[in-house]
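Peer 1: No gaps in the numbering here: position 273 of the sequence shown is 273 in UniProt numbering, and each next residue is one more.
Every residue gets a Cβ at the ideal spot worked out from N, C-alpha and C, and that includes glycine.
To start, I am sharing the structure in question, which I have written as structure tokens.
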Amino acid sequence: MVKADLPLAILDFVAITGDATPKETIEATIEVAKHADRLGYHRYWVPEHHNHLGLAFTSSDVMITRLLDATDKIRVGAAGVMLPNHAPLKVAEDFRTLEVMFPGRIDLGLGRAPGTDGLTAHALRNGQTHENFGEQAGELFAFLHDAFPDEHPYSRVVAAPRPAGAPDIFMLGSSDYGPRFAAVNGLIAVFAHHMSPQYAAPLLRQYREQFQPGPYLDAPYSIVSALAFATDDPELADAALATWMLFKDNLTAGKRGPRASLTEALDYTRTDEFAARKPSNEKLLFVGKPDDVGARLHELAAECQVDELAVISPLGEQQPRLESFTAIGRQFGL
Numbered sequence: 001m002v003k004a005d006l007p008l009a010i011l012d013f014v015a016i017t018g019d020a021t022p023k024e025t026i027e028a029t030i031e032v033a034k035h036a037d038r039l040g041y042h043r044y045w046v047p048e049h050h051n052h053l054g055l056a057f058t059s060s061d062v063m064i065t066r067l068l069d070a071t072d073k074i075r076v077g078a079a080g081v082m083l084p085n086h087a088p089l090k091v092a093e094d095f096r097t098l099e100v101m102f103p104g105r106i107d108l109g110l111g112r113a114p115g116t117d118g119l120t121a122h123a124l125r126n127g128q129t130h131e132n133f134g135e136q137a138g139e140l141f142a143f144l145h146d147a148f149p150d151e152h153p154y155s156r157v158v159a160a161p162r163p164a165g166a167p168d169i170f171m172l173g174s175s176d177y178g179p180r181f182a183a184v185n186g187l188i189a190v191f192a193h194h195m196s197p198q199y200a201a202p203l204l205r206q207y208r209e210q211f212q213p214g215p216y217l218d219a220p221y222s223i224v225s226a227l228a229f230a231t232d233d234p235e236l237a238d239a240a241l242a243t244w245m246l247f248k249d250n251l252t253a254g255k256r257g258p259r260a261s262l263t264e265a266l267d268y269t270r271t272d273e274f275a276a277r278k279p280s281n282e283k284l285l286f287v288g289k290p291d292d293v294g295a296r297l298h299e300l301a302a303e304c305q306v307d308e309l310a311v312i313s314p315l316g317e318q319q320p321r322l323e324s325f326t327a328i329g330r331q332f333g334l
């Protein structure tokens, strides 16, 4: 049975909505983070994506720093750092610096996807390829915890500064790789239900069964992310579904622009195409009246046996988004 006060996180893509500017979008995101902090949400995460003009930022560490500075208690971090795009030493330096500045509030989620297209990944990596994610992650862990053996050439390299603590480390995934890597390395596992809903429960079960305690974690700890929007207004609920449908359509077509405005989403809800697609998307997204959304999210958490739940708002309109996070929070005792 899942406790009513299961900790909640927010994963925010910081996507530009309609004709908003990147600055306006970032300012709105800061207000959402402040709101989540006041409500008692446990974490606020931002991703790493590149070559996408529909998103208001590409530098995760810069965005994380701004959100930390604007909030008081909530943990803030990356979900995640796409490690093949980065030198492990630089990631360790960045997140150790954040840990010094905001001790006990830093989350470091890791992913092995590029977070972009192949050409952009090539440019990010200066033409080099990083095919051994495990080796990269091992270097990162060693830099974060000063754990290189004496005979290793990097044992004389320090990821400065040296904080009193260390970030929480997560492994992200939407396939079997992420949970398996988290289990073998004793990390927190985060699974993207919105990308692979049918695999969330079985793969997180395998994670728990295969978990090996290590220096970062004594027992398995997992989080599942879900697209969720709570409202008593059926038109807004449909608009949330429509926004996600149109966003996915643009991705499929290779269009990397802003997500639909509320007006555009509402217009789409009046089409036959929306009516035909609505039933399948209602199964994927957790959208509707607060009590119904809360019940379904609790069912998901119980099915996956997770320790936390991360929610993603498919709708970008500011006031409805704030009200939705408030309503979802109430369903979990906030």
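Tyr268 by DSSP, collapsed to three states: which one?
Peer 2: Helix.
Peer 1: Quick one: is Ala147 buried, meaning 16 or more other Cβ sit within 10 Å of its Cβ, or exposed?
Peer 2: The residue in question, Ala147, is exposed, as its Cβ has fewer than 16 Cβ neighbours within 10 Å.
Peer 1: Under a three-way DSSP split, which group does Val306 fall into?
Peer 2: In this structure, Val306 counts as coil in the three-state DSSP scheme.
Peer 1: Going by C-alpha distance, which of Asp267, Gly316, Val91 and Pro279 is nearest Leu140?
Peer 2: The candidate whose alpha carbon is nearest that of Leu140 is Val91.
Peer 1: Quick check: the stretch 207-215 against the stretch 177-195, are there 3 or more CB pairs under 8 Å?
Peer 2: With the cut-off at 8 Å, the stretch 207-215 and the stretch 177-195 touch.
Peer 1: Which runs of the beta strand (DSSP E) fall wholly inside the stretch 34-67 and span at least 3 residues, in chain order?
Peer 2: Counting only runs of 3 or more, we get 43-46.
Peer 1: Counting pairs of Cβ atoms below 8 Å between the stretch 184-201 and the stretch 210-227, do you hit three or more?
Peer 2: Judged by Cβ distances under 8 Å, the stretch 184-201 makes contact with the stretch 210-227, as three or more pairs qualify.
Peer 1: Identify the residues that DSSP records as bridge partners of Asp107: which are they?
Peer 2: Beta-bridge pairing links Asp107 to Gly77 and Asp168.
Peer 1: Considering only C-alpha positions, which residue in the set Leu297, Gly111 and Glu308 is nearest to Pro84?
Peer 2: Closest option to Pro84, Cα to Cα, is Gly111.
Peer 1: Leu334 by DSSP, collapsed to three states: which one?
Peer 2: Here Leu334 sits in coil by DSSP.
Peer 1: I'd like the span of the alpha helix (DSSP H) that includes Gly178, first residue to last.
Peer 2: Counting along the chain, the alpha helix (DSSP H) containing Gly178 begins and ends at Tyr177 to Asn185.
Peer 1: Assuming contact is defined by CB atoms lying nearer than 8 Å, are Ala226 and Thr243 in contact in what I supplied?
Peer 2: No.
Peer 1: For a test of the three-state rule: what should DSSP assign to Val158, helix, strand or coil?
Peer 2: Correct three-state label for Val158: coil.
Peer 1: With DSSP run on the structure shown, which of helix, strand or coil describes Ile30?
Peer 2: Ile30 falls in the helix class under three-state DSSP.
Peer 1: Report the CB separation of Arg75 from Arg105 in whole angstroms; it is logged as a contact under 8 Å.
Peer 2: The pair is a contact, with the Cβ atoms about 5 Å apart (cut-off 8 Å).
Peer 1: Which stretch, first to last residue, makes up the beta strand (DSSP E) that contains Gly288?
Peer 2: From DSSP, the beta strand (DSSP E) with Gly288 extends over Phe286 to Gly288.
Peer 1: Distance, Cα to Cα, Leu334 vs Leu322?
Peer 2: Distance between the alpha carbons of Leu334 and Leu322 is about 14 Å.
Peer 1: Whole-angstrom Cβ separation of Val157 and Met171, contact assumed at under 8 Å?
Peer 2: Actually they are not in contact, since the Cβ atoms of Val157 and Met171 sit about 24 Å apart, beyond 8 Å.
Peer 1: Would Leu108 and Pro167 be called neighbours here (beta carbons separated by less than 8 Å)?
Peer 2: Yes. Within cutoff.
Peer 1: Cutting at 7 Å between CB atoms, please list the residues of its own chain near Ala164, excluding the five before and the five after it.
Peer 2: Correct list, in chain order: Pro103.
Peer 1: From what residue to what residue does the beta strand (DSSP E) around Val224 run?
Peer 2: Unbroken beta strand (DSSP E) run through Val224: Ser222 to Ala230.
Peer 1: Could you tell me how far apart the beta carbons of Glu317 and Thr17 are, in whole angstroms, since I believe they sit closer than 8 Å?
Peer 2: Their Cβ separation, rounded to whole angstroms, is 7 Å, which keeps Glu317 and Thr17 in contact under 8 Å.
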